[in-house]
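Undergrad: Here you go, one structure.
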Amino acid sequence: MLVETAPSPIPPVVTVTNLVKQFGRFAALRGVTAEFQPARLYAILGDNGAGKTTLLRSLAGLSLPTRGSLSVLGATNPREVCAQIGYMAHPSLLYDEMSGMENLCYFARLYGIDDPERSRSLIRWAKLDPQLERPIGQYSQGMRQRVSLARALLNDPKLLLLDEPFSNVDAGSAREMVRLLTELRARGRTIFVVTHQASLLEDAADEFVWMAEGQIVNRTPSLLAAEVR
Amino acid sequence: MKRAFPILAIATAVLLGYATYQALWVAPTEQTMGEVQRIFYYHVSSAWTAGLLFFINFVASVVYLVWRSPKADALAMASAEVGVVFCTIVLVTGPIWARPVWGIWWTWDMRLTLTLVLWLIYVSYLLLRRFSASGQTPVMAAVLAIFGTLDIPLVYFSIWFFRTQHPQPVMGGGGSIDHRMLRVFFVNLIAFSCFGLLVCWARYRLEVLHREVEETQALESLLEVRSSR
Amino acid sequence: MTGSAGLTRATLLKDLRLEWRSKDATNAMLFFALLVVVIFSFSFDPTAEESRRIAGGLIWVAFLFASVVALNQTWARELRNQVLDAYRVSPAPANSLFLAKVWGNFLFVSGLEALMTPLFVVFYNLRALGPGYQLLIVAGLGTWALVVNGTFFAAISLRTRSREIMLPLLLFPISIPALLAMVEATSAILTGEYSAKFWIVLLVTYDLVFTMASLFFFELVLHAE
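Residue numbers (my numbering), protein chains in the order written: chain A, 1 to 229; chain B, 1 to 229; chain C, 1 to 225.
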C-alpha cells in the first residue's frame, strides 16, 4: 500500500522495484516498490524483523537483491556510485583503539582524501574536540555515534544511510545529531534514517516510511497520522 | 537427456562386470607380485577417474564464477564429492597393494602422494561448503577449487624433486607392461570412468532437484504472507 | 582516486600502530612461539648430526603453528564494530587492504621466526654447513607463501562457522608444496649435502602464482555477502 506523492519533475534519487531479499527460506524483503525524492529526510520505522536494515543495506550495496531491482543515484548497482554514498550502522564501523581524528584521517584515505583538514572540520562540526587523543573505545556512546556519523560524511555524500544512529545515545547527543541531519538536508542531501525512536525525528523528517514483514505498509508525512495495521 | 541415464547405467554395469571379469580372471598373473597385483587395475583406474572428476569440478567452478549458473555450482559439488570417494579408493588400495609386495604400508610414490594431497584439498573444499553460510558458499567454494587446481602442478613438481633427493619405491613397477595386461587395464579404465561419471551425474541431478525444492519452498513462504494481506 | 600504494602503506601503518597500542595479540603469540620451541626440544632430542637433518622440518612446523595463531587474528579488529562494512562501502580498491594485511602478517610472522630461530639454534646446536645466507631467502619466500594464502583464507573463513579451525583446514593442504620446499631447502642448507636451488625456484613460483591468484580474487571475497 503506497501513499501517492505529488508528481515531481526532479528524478527520484532512489527507486526500488519489487525488491526481494531472501536468506534461505526467510524473506527479509518481500517485494518492496517505492520511489524516494532527493533532498528529503526519510525516517524508516517498524518492528524488528520488518526488513528496515536489509533495505538500507541493499541501498548501500552491502546486500545483493535476490530478485527485483533498484536504482540508486542513477546506477543499478550502488557500488558504482559508492563514492557518493555515506553509510552508518549501529556498530560504530570505527577502530576502538584509535582517537576520533586518527579514525577519520584513516577512513578519509579510503575516499582519496589525504588532507587532515577535512577530518578536523568534520569533528568540529560534530561538536567534538579534534585534539582529543583518547581512543574512541573510551568515549560515551553519544560521542562515538557522532564520530561514526562524521565518518559517514567524509566523502560529502549525496545519499546518507543511517541505521539506528540514536541507539543507546543520550538525549542531548541525539538532539544534536538530529540538528546536524536537518542541516545536511537543507544542503540538498538525501537522508534515510532507520530508527526505533521515531519521536526524535518528529519535526525533522519529511516522511515516515512504515515497514512490516518485509514490505512498506504506509508512508505518512507526520507521526500523528498514525500508521494503519 | 533423462532417458539416457538408465541406458548409461545399464551400459556401465555391463562394462564394469566385464572389466571385473577381465581383471580378476582373464588377466595374466604378474610374475613377481602375484595375485595382489590385480589391485593395479582398480588403483590406477580410480586415480584417473578422480582426476577426471576434479577436472570437471574445476571447469564447473570457472563456469560458475563467470556466468553464476546455479547448475554449474551443483555440478561442482557433485564432482567434488564423487572425486573424493575415488581418491579414497586409491588411498586404501595403495597400502593394501604395497604391504604384501614391498613390506611397507606407505611410500611417497608419485601417484599415491599426489592423490593424498588432492584428497586433502578436496576434503577441505567439502568442509568449506558445509561450514559456510549458504549465500556465499558457491563463490567461496569456486575460488577454493581454482586455488586447489593451481596448486596441482606445484605439488607434482615438489614431489618429483623430493623423490629424486630421497629415492622411494615406485608402485606399479617401472618397467614395460605386458600387452594383455594393458588391454585389461584400458577396459577397467573406461569402465571406472563411466561409473564415476554416472554416479556424478546422479548426484548432480539429486542436487539440482534438492535446490528446486528449496527454491519452491522459499517462493511459497514469500507468497504466503503477501497473499494474507 | 587515492594511490593504491599509498592506501596500502597507510593501512599497514594503522595496523602496526593498533598492534603496538593493544599488544594483546603480540604478547600472547610471542609466548606461544616460545612454548612451541621448548616443547619441540623436549620431544625431539637428537645428536648434532641427526638434528641437522630434521631441524628443517621441526623449525617450519613450529613456524607453521605459530603463524596460524597470528593469521587467525588478521581480521579480528575489522570484525569488531563491523569495520569491514566501512571498507565494502567505500571506493577503495580491495587489494590495497589485502596487501596491507599480508605485509602486516609477514612482518609479524617474521618477527616470531626471528625470536624462535636463535632458540632452535641453541637447543639443537645448529650450524649451517651449506650457504647460510640462503636461509634468509628461504625464510622470506616461505613466510610470504604462508601469509599470502593465510590472509586470503582468513578472509574466506570469516563467513564460516568455526572460523578459527577453518583457516588451517584450508591453508595446510594447499601449502603442502611450499612446506615441502621450505623444509627441504632448510635441510639442504643446514646439512650442505645438496643444493637448495630447485626448492628456492619452486618457492618463488609458488609465491608468484598465489599472490596473483589472491589479488585477483580478493575483491570477490571481500564483497561476498
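Don't be surprised by glycine CBs; every beta carbon is placed ideally from N, CA and C.
Counting only beta-carbon separations shorter than 8 angstroms, does Y139/A have a partner in chain C?
TA: No, no contact with chain C.
Undergrad: Label P100/B either buried or exposed according to how many other C-beta atoms from any shown protein chain fall within 10 Å of its C-beta, with 16 as the threshold for buried.
TA: Exposed, since its Cβ has fewer than 16 Cβ neighbours within 10 Å.
Undergrad: For the region 167 to 193 of chain C, enumerate the residues whose C-beta is nearer than 7 angstroms to any C-beta of chain B, in chain order.
TA: Under the 7 angstroms Cβ criterion, the region 167 to 193 of chain C contributes L169, L170, P173, I174, I176, P177, L180, A181, E184.
Undergrad: Using a Cβ cut-off of 9 angstroms, which residues of the region 204 to 222 of chain C contact any Cβ in chain A, in chain order?
TA: Result list empty, no residue passes.
Undergrad: What does G148/B reach in chain C if we use C-beta pairs closer than 7 angstroms?
TA: Per Cβ cutoff of 7 angstroms: I174.
Undergrad: Give a yes or no on whether the C-beta atoms belonging to L30/C and L115/C are separated by under 8 angstroms.
TA: Yes.
Undergrad: Tell me, to the nearest whole angstrom, how far the beta carbon of T186/C is from that of G56/C; I am working on the premise that it is less than 8 angstroms.
TA: Between G56/C and T186/C the Cβ distance is about 3 angstroms, and since that is below 8 angstroms, they are a contact.
Undergrad: Leaving out five residues on either side along the sequence, give the residues of the same chain with a beta carbon under 7 angstroms from the beta carbon of V209/C.
TA: Answer for V209/C: no residue qualifies.
Undergrad: Label H43/B either buried or exposed according to how many other C-beta atoms from any shown protein chain fall within 10 Å of its C-beta, with 16 as the threshold for buried.
TA: That one is buried.
Undergrad: Does the Cβ-Cβ distance between L91/B and L116/B come in under 8 angstroms?
TA: Cβ distance < 8 angstroms, so L91/B and L116/B count as in contact.
Undergrad: Would N18/A pass as an interface residue toward chain B - the criterion being a Cβ-Cβ separation below 8 angstroms?
TA: It does not: the Cβ of N18/A has no partner Cβ on chain B nearer than 8 angstroms.
Undergrad: Looking at the structure shown, is A76/C part of a helix, part of a strand, or coil, going by DSSP?
TA: Of the three classes helix, strand and coil, the one that applies to A76/C here is helix, per DSSP.
Undergrad: May I have the straight-line CA-CA distance separating S67/C from K101/C, to the nearest angstrom?
TA: Roughly 14 angstroms between the two C-alpha positions.
Undergrad: Just to confirm the assignment: which complete beta strand (DSSP E) runs, minimum length 3, are found wholly within the region 51 to 93 of chain A?
TA: Whole beta strand (DSSP E) segments, 3+ residues: 67 to 72, 85 to 88.
Undergrad: What residues are listed by DSSP as bridge partners for T113/B?
TA: The partner list for T113/B (beta bridge, DSSP) is empty, contrary to what the question assumes.
Undergrad: Do you know whose CA, among D85/C, S157/C, F98/C, P118/C, lies nearest A133/B's CA?
TA: The shortest Cα separation from A133/B among D85/C, S157/C, F98/C, P118/C belongs to S157/C.
Undergrad: Relative to the C-alpha of L229/C, which residue among I176/C, F65/C, L180/C, A224/C is closest?
TA: No information on residue 229/C is available, as it lies outside the stretch 1 to 225 that chain C covers here.
Undergrad: Exposed or buried, which one is P131/C when buried takes at least 16 other CB atoms within 10 Å?
TA: The residue is exposed, with fewer than 16 neighbouring Cβ atoms inside 10 Å.
Undergrad: Is A60/A closer than 8 angstroms to V221/C when the C-beta atoms are compared?
TA: Not closer than 8 angstroms, so no.
Undergrad: Any chance the region 154 to 162 of chain A sits against the region 77 to 91 of chain A, with 3 or more Cβ pairs inside 8 angstroms?
TA: With a cut-off of 8 angstroms, the region 77 to 91 of chain A and the region 154 to 162 of chain A count as touching, because enough Cβ pairs lie within range.
Undergrad: By Cβ distance below 8 angstroms, which residues in the same chain neighbour R229/A in space, the five residues on each side in sequence not counted?
TA: Residue placement at R229/A is poorly supported in this model, since its pLDDT is 42, which falls under 50; the coordinates still yield a value, given next. The answer, listed in chain order, is A212, V217.
Undergrad: Could you list which residues in chain E have their beta carbon closer than 7 angstroms to that of P91/A, in chain order?
TA: Any reference to chain E falls outside this structure, whose protein chains are A, B and C.
Undergrad: Compute the Euclidean distance between the alpha carbons of N77/A and F217/C, then round it to the nearest angstrom.
TA: So the two alpha carbons sit approximately 20 angstroms from each other.
Undergrad: I'd like the list of long-range same chain contacts for P12/A, defined as Cβ closer than 7 angstroms, with 5 residues on each side in sequence excluded.
TA: If we look at P12/A and ignore the five residues flanking it on each side, its Cβ neighbours are E35, F36, Q37.
Undergrad: For the candidate residues E184/C, V148/C, F40/C, G104/C, whose alpha-carbon lies nearest to that of I174/C?
TA: The candidate whose alpha carbon is nearest that of I174/C is V148/C.
Undergrad: Taking Cβ positions only, does E227/A come closer than 8 angstroms to chain C?
TA: Model confidence at E227/A stands at a pLDDT of 48, short of 50, so the residue's coordinates are unreliable; what they give is reported in the following sentence. It does not; no Cβ of chain C falls within 8 angstroms.
Undergrad: May I ask you to list, following chain order, the residues of the region 18 to 39 of chain A that have a beta carbon less than 8 angstroms from some beta carbon of chain B?
TA: From the region 18 to 39 of chain A, only V20, Q22, F23, G24, R25, F26, A27, R30, G31 have a Cβ closer than 8 angstroms to chain B.
Undergrad: By DSSP, does G31/A sit in helix, in strand, or in coil?
TA: Strand at G31/A.
Undergrad: Identify, in the order they occur along the chain, each residue of the same chain with its Cβ nearer than 7 angstroms to the Cβ of F166/A, setting aside the five sequence neighbours on each side.
TA: So the list reads A174, M177, T195, Q197, L200, once near-sequence residues are dropped.
Undergrad: Kindly list the residues whose CB is nearer than 6 angstroms to the CB of T66/A, restricted to its own chain and excluding five residues on each side of it in sequence; keep chain order.
TA: Correct list, in chain order: V20, K21, Q22.
Undergrad: Measuring CB to CB, does Y95/A end up less than 8 angstroms from V83/C?
TA: Their beta carbons are under 8 angstroms apart, which means Y95/A touches V83/C by this criterion.
Undergrad: Could you work out which residue in A108/A, Q141/A, D203/A is closest to D156/A when comparing CA atoms only?
TA: D156/A has its Cα closest to that of A108/A, out of A108/A, Q141/A, D203/A.
Undergrad: Less than 8 angstroms between the beta carbons of L150/B and A213/C, yes or no?
TA: Contact: yes.
Undergrad: Which residues does DSSP list as the beta-bridge partners of V209/A?
TA: Partner(s): I44/A, R219/A.
Undergrad: Between T216/B and the rest of its own chain, which residues show a CB-CB distance below 6 angstroms, the 5 nearest in sequence each way excluded?
TA: Nothing meets the Cβ criterion.
Undergrad: I want to see whether chain C comes within less than 8 angstroms of G103/B, judged by CB atoms only; does it?
TA: False, the Cβ-Cβ gap to chain C never drops below 8 angstroms.
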